[in-house]
Each structure stands twice: as C-alpha cells, then as structure tokens.
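In the working numbering, the protein residues as written are 40 to 499. A short write-up of the structure that comes next.
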Amino acid sequence: MASTNAPARSSWSGKWAFILAAAASAVGLGNMWRFPYLAAKYGGGTFLITYLVLVFTFGVSLLLLETALGRTTGQSAIGAFKQFGKKYAIIGILASAVPFIITPYYCIIGGWVTKYAASYLINGPEALADGGNFFTGFITSDVESFLWMLLFMAIVFVVVSLGVKGGIEKANLVMMPALIIMAVVIAAYTLTQPGAAEGALYYLVPDFSKFSPELVIGALGQMFYSLSLAMGIMITYGSYLDRKSSLTQSVVRIGGFDVGVSCLAGLMIVPAAFVAMGSGDAVASAAGPSLMFITLPGVFAGMGDAAVVVGFVFFLLVLFAALTSAISLTETCVSIIQDGAGWSRKKALATVIGVVVVAGIFVNLGYNGLSFIEPLGAGTTLLDFFDFFSNSVLMPIVALLTCIFIGWIVKPSLIVKEVKTSSPFKAEKAWVIMIKYVAPVLVVVILVAYVAAQFGLFSM
C-alpha cells in the first residue's frame with residue numbers, strides 16, 4: 040500500500056522493544072502526580088479496582104485499535120486515515136495536532152523536574168521545602184526556567200536523533216527498569232517511616248462508600264490520558280511493528296505496565312504524604328504540580344539525613360518518566376512530518392525541533408513576560424490553556440471520531456483481520472461491541488465532564 044519512493048520506515052527490533060516503548064510512553068507525569076491524588080481522594084482501593092477494570096476493558100480496546108490501525112496501514116496518523124479516502128484525513132490531522140500541542144509544554148514541566156533533581160544535590164532539601172516560594176520563584180524566572188526547559192528538550196532531541204533502534208529503544212531499556220527499581224526502593228523506604236503503614240492501608244483497602252459517578256469519571260479520564268491514546272503515538276508505534284508480534288498480548292502488557300507503575304507511584308506518595316499531613320483527605324487536597332513540587336519536598340525534608348537521597352532519587356525517577364513520554368511525543372511528531380511531507384528523518388526532526396523550541400518559549404512566557412494572558416480565567420496560564428485544549432477537548436474528540444470511523448465506516452473487520460494475522464482474537468465479539476457502542480459513550484462522558492469541570496460546572 041505504501042508508496043515506493045518514500046524514505047525507509049523505522050521499525051522495532053522486536054515485540055518487547057515495542058511493548059517497552061509503548062509502556063514508556065504511557066508512563067509519564069500523570070502517573071506520578073495525578074493518579075496518587077485521585078486514589079487518595081476516592082477511597083484508595085476502590086479507585087484502584089475501578090481503574091484496573093477500565094484499563095483492561097476500555098483502555099486495551101482502544102490501544103488495540105490504534106496499534107492495529109498503524110500496523111495495517113504502515114503509516115502515522117494522517118496517512119493511516121487518509122488511506123481510506125482523502126476526506127478522512129481530518130481525523131488524522133486532529134490526532135496529529137495533539138502531540139504538537141503537548142510536546143512543548145510537557146518539556147517545560149520536564150525542565151522543572153530536571154531542576155528539582157539537580158537542586159537536591161546543589162541547594163539541599165531544606166531550600167526546596169519552603170512552602171512554594173522556591174517553586175514559584177523558579178517557574179516565573181526570566182532566564183532560569185527557559186534554560187532548564189532547553190536542557191530537557193536537548194536530551195529528548197538527542198535520543199530521537201539516534202533513531203528508533205539506536206536511540207529510543209536503548210533509552211527505554213535503561214530508563215524503564217531504572218524507574219521501576221527506584222520506585223520500589225522509595226516505596227519500600229517510605230513504608231518504614233513511622234505511621235506510614237496506616238497511610239498504605241488507606242491507599243490499598245477499598246472504601247466502597249466513596250464509590251460514585253465522580254470516581255468512575257476520574258478513573259476514566261486518568262486511564263484515557265495515561266495510556267497515550269488519541270494522540271497519534273500508538274498509531275505511529277504500531278506502524279513500526281512487524282507482522283509476527285501478537286497485538287493482543289502486547290496491548291495487555293502495556294496496560295499492565297501502566298497500572299503497575301501507577302500503583303507504585305501511589306505507594307511512594309500516598310503513605311509518605313499521609314504521615315506528613317495526617318489524613319487521607321489532606322493528601323487528596325493537593326494535586327498536580329503543587330503535590331509534586333511543594334507538598335512532597337516538604338515531606339522529604341522531614342526524613343532527616345535521608346532527605347537528599349530520597350528527594351534526588353524521586354525526582355530522577357520522575358525525570359525518567361517525563362523523558363520517556365516526551366521522547367514518544369517527539370518521535371510521533373517526527374514520524375508525522377516524515378510521512379506527510381515525504382522528507383528524510385533528519386529534515387523532519389530539524390523541523391520538529393524548531394517548532395517545539397519556539398512553542399515552548401512562547402508557552403513558558405506565560406509564567407513571566409506574558410503572565411497577563413489568563414486564557415481560562417484569573418490565575419490561569421498559557422500552559423493551563425494548552426493542557427486543557429489538548430487533553431480535555433481535542434483527545435476525546437479524536438477518540439470519538441476514531442471509534443465511529445472504525446466501528447461504523449470502515450467496519451471493525453479491518454482491525455480484526457489485522458489482529459488475527461499474528462494471534463488468535465478470543466475477545467473479538469466483546470471488542471467489536473466496545474468500539475461500536477461502549478467506547479463512544481465513555482469518550483463523550485470524558486469530554487463533557489472535563490470541559491464542565493474546567494468551567495466550574497462539575498467537580499472531580
């Protein structure tokens with residue numbers, strides 16, 4: 040199907056390289072700062088069970104759809120949809136817009152993480168535990184925040200420039216096992232702290248009285264954003280996969296990786312924060328950047344002599360999670376341009392670097408020179424706006440269009456056939472029902488709930 044004169048396509052060295060890359064893509068900042076907060080808020084184990092069920096039903100169904108679509112067409116998002124008719128290219132264009140919007144601001148936060156890992160060694164844990172002044176001073180700085188963003192970007196660009204086998208696979212092979220080992224070590228150390236056992240029980244034991252529609256919507260959104268769905272990544276990564284590797288086994292393993300790391304992140308963060316703050320509700324009040332950059336440094340500072348090591352290792356681990364996700368976002372952007380323009384990988388990468396650096400500088404100006412722009416109301420920044428637009432608006436729309444396209448226009452048999460080239464497909468009937476009827480409804484729920492939440496009409 041592919042044109043003969045296009046530059047040779049990258050490919051994975053094998054099934055596990057693909058699984059590790061997709062898992063590395065799925066494991067990112069959201070696992071570290073949003074999952075523990077949601078688990079603390081929604082009765083610990085109750086949330087974990089709901090999340091688990093959603094990942095292995097809704098989540099892996101969409102993962103399977105996207106990877107199979109990539110593999111059957113041998114194209115990244117735009118080309119994959121366009122093969123079925125020019126008028127469908129719009130779905131691919133919308134999907135492709137997502138990584139181009141997310142990568143610049145993701146690298147800004149990556150810069151914050153890099154700065155914090157270094158600061159544990161340079162400034163010491165006390166300096167970072169000042170209730171937020173250190174953090175605010177840093178992100179609003181005119182020069183320093185830009186330099187750390189550029190340093191983080193440079194690492195990402197170097198890895199991507201080394202190619203799929205020489206760069207991305209090798210980086211994942213080092214960073215993913217290291218991330219898991221560090222997470223286990225910190226979780227184990229945290230649990231030895233006095234009072235941490237109570238926090239662990241709060242995190243793990245289900246409190247079914249907390250089960251609510253909000254919990255389900257929280258779990259649904261977290262799973263949707265965490266698995267790298269609807270952003271062109273899995274279509275691209277699927278297009279690099281050989282015809283022999285089992286797609287069904289692969290997507291289940293990717294889901295398993297994501298759930299495992301999310302649960303580990305909760306075990307690191309919830310008991311430690313529980314000890315420092317005295318209750319689960321207090322932990323549930325701090326989400327996102329404030330949990331990671333203000334609350335946790337305060338928790339680590341209370342660990343005495345171990346604070347430097349624990350703080351440094353924790354932020355190094357988060358840095359690896361951020362890097363692996365930023366690498367997959369950047370690779371997807373490169374692949375989209377390479378396929379769309381028919382350019383060499385080098386030329387495509389140079390273009391992506393230009394776009395990401397300029398957009399990153401623009402978004403980061405939202406914390407200093409352009410801080411008067413408050414796109415979503417008082418106190419919001421350009422980063423908040425791009426995060427909201429890409430995650431809460433664009434991604435659910437892309438997922439909805441993808442499900443309608445596969446479920447009702449080209450028909451699910453296309454994907455079923457692709458899956459069956461490499462393995463039996465026992466869940467075929469359930470998968471078809473999921474894509475045609477269930478997934479579209481769930482995606483609309485995510486879209487409506489997250490947009491409503493942004494404008495204060497619904498609280499999560």
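Each residue gets a CB set at the ideal place from its N, CA and C atoms; glycine is no exception.
Start-to-end residues for the alpha helix (DSSP H) that takes in residue i
i, result
"Leu-415", "Unbroken run through Leu-415: none, as it is neither H nor E."
"Trp-447", "That residue, Trp-447, is in no alpha helix (DSSP H); it is neither H nor E in DSSP."
"Thr-363", "346 to 380"
"Phe-424", "421 to 426"
"Pro-502", "Because the chain is modelled from 40 through 499, residue 502 falls outside the range shown and cannot be assessed."
"Leu-335", "335 to 340"
"Ala-469", "467 to 472"
For residue j and residue i, believed in contact at Cβ under 8 Å, the rounded distance
i, j, result
"Phe-296", "Ala-65", "7 Å"
"Gly-405", "Ile-412", "6 Å"
"Met-214", "Leu-368", "Rounded, the Cβ-Cβ distance is 15 Å, inconsistent with contact."
"Ser-461", "Arg-292", "Contact doesn't hold; Cβ gap of about 14 Å is too wide."
"Gly-319", "Tyr-241", "5 Å"
"Leu-330", "Trp-72", "5 Å"
"Val-198", "Ala-210", "5 Å"
"Tyr-407", "Asp-181", "Checking the sequence shown, residue 407 turns out to be Asn, not Tyr. Indeed they touch by this definition, with Cβ atoms about 5 Å apart."
"Leu-212", "Leu-59", "7 Å"
"Val-298", "Val-94", "5 Å"
"Glu-208", "Ala-56", "5 Å"
"Leu-254", "Tyr-81", "4 Å"
"Ala-387", "Ile-376", "4 Å"
"Glu-370", "Thr-111", "Actually they do not touch by this definition, with Cβ atoms about 20 Å apart."
"Gly-502", "Pro-336", "The question about residue 502 has no answer, for the chain in this structure spans 40 to 499."
"Phe-332", "Phe-174", "5 Å"
"Val-396", "Met-262", "About 32 Å separates the two Cβ atoms, so there is no contact after all."
Inter-residue spacing [alpha-carbon to alpha-carbon] between residue i and residue j
i, j, result
"Leu-286", "Ser-115", "17 Å"
"Phe-86", "Pro-245", "8 Å"
"Leu-160", "Val-338", "17 Å"
"Leu-358", "Val-322", "22 Å"
"Ile-141", "Ser-429", "7 Å"
"Ser-278", "Ser-135", "15 Å"
"Phe-464", "Val-394", "41 Å"
"Tyr-76", "Trp-382", "43 Å"
"Glu-105", "Gly-98", "11 Å"
"Ala-491", "Met-221", "37 Å"
"Phe-313", "Ala-63", "28 Å"
"Gly-176", "Ser-184", "10 Å"
"Val-455", "Val-480", "21 Å"
"Gly-83", "Leu-243", "5 Å"
"Ala-107", "Ile-274", "8 Å"
"Ile-130", "Gly-118", "10 Å"
"Met-473", "Val-300", "26 Å"
"Ala-258", "Ala-311", "22 Å"
"Phe-401", "Met-188", "12 Å"
"Val-348", "Tyr-155", "13 Å"
"Phe-120", "Gln-232", "53 Å"
Coarse secondary structure for residue i, derived from DSSP in three states
i, result
"Pro-479", "helix"
"Gly-83", "strand"
"Pro-245", "strand"
"Gly-305", "helix"
"Thr-460", "coil"
"Phe-497", "coil"
"Met-221", "helix"
"Asn-407", "coil"
"Ala-134", "helix"
"Ser-429", "helix"
"Arg-48", "coil"
"Ala-323", "helix"
"Ser-318", "coil"
"Ser-329", "helix"
"Ala-41", "The pLDDT assigned to Ala-41 is 43, lower than 50, so where the model puts this residue is not dependable, and the model offers no usable value."
4 or more residues per run - each alpha helix (DSSP H) lying fully within the region 149 to 209: The region 149 to 209 contains these whole alpha helix (DSSP H) runs: 164 to 167, 172 to 178, 183 to 200.
query: What are the start and end residues of each continuous alpha helix (DSSP H) run of 4 or more residues lying completely inside the region 51 to 129, in chain order?
result: Complete alpha helix (DSSP H) runs here, min 4: 54 to 65, 68 to 72, 74 to 80, 84 to 93, 99 to 112, 116 to 121.
- request: Can you check the region 232 to 293 for any alpha helix (DSSP H) of at least 4 residues that lies completely inside it and give the ranges in chain order?
  value: Complete alpha helix (DSSP H) runs here, min 4: 235 to 243, 252 to 265, 272 to 278.
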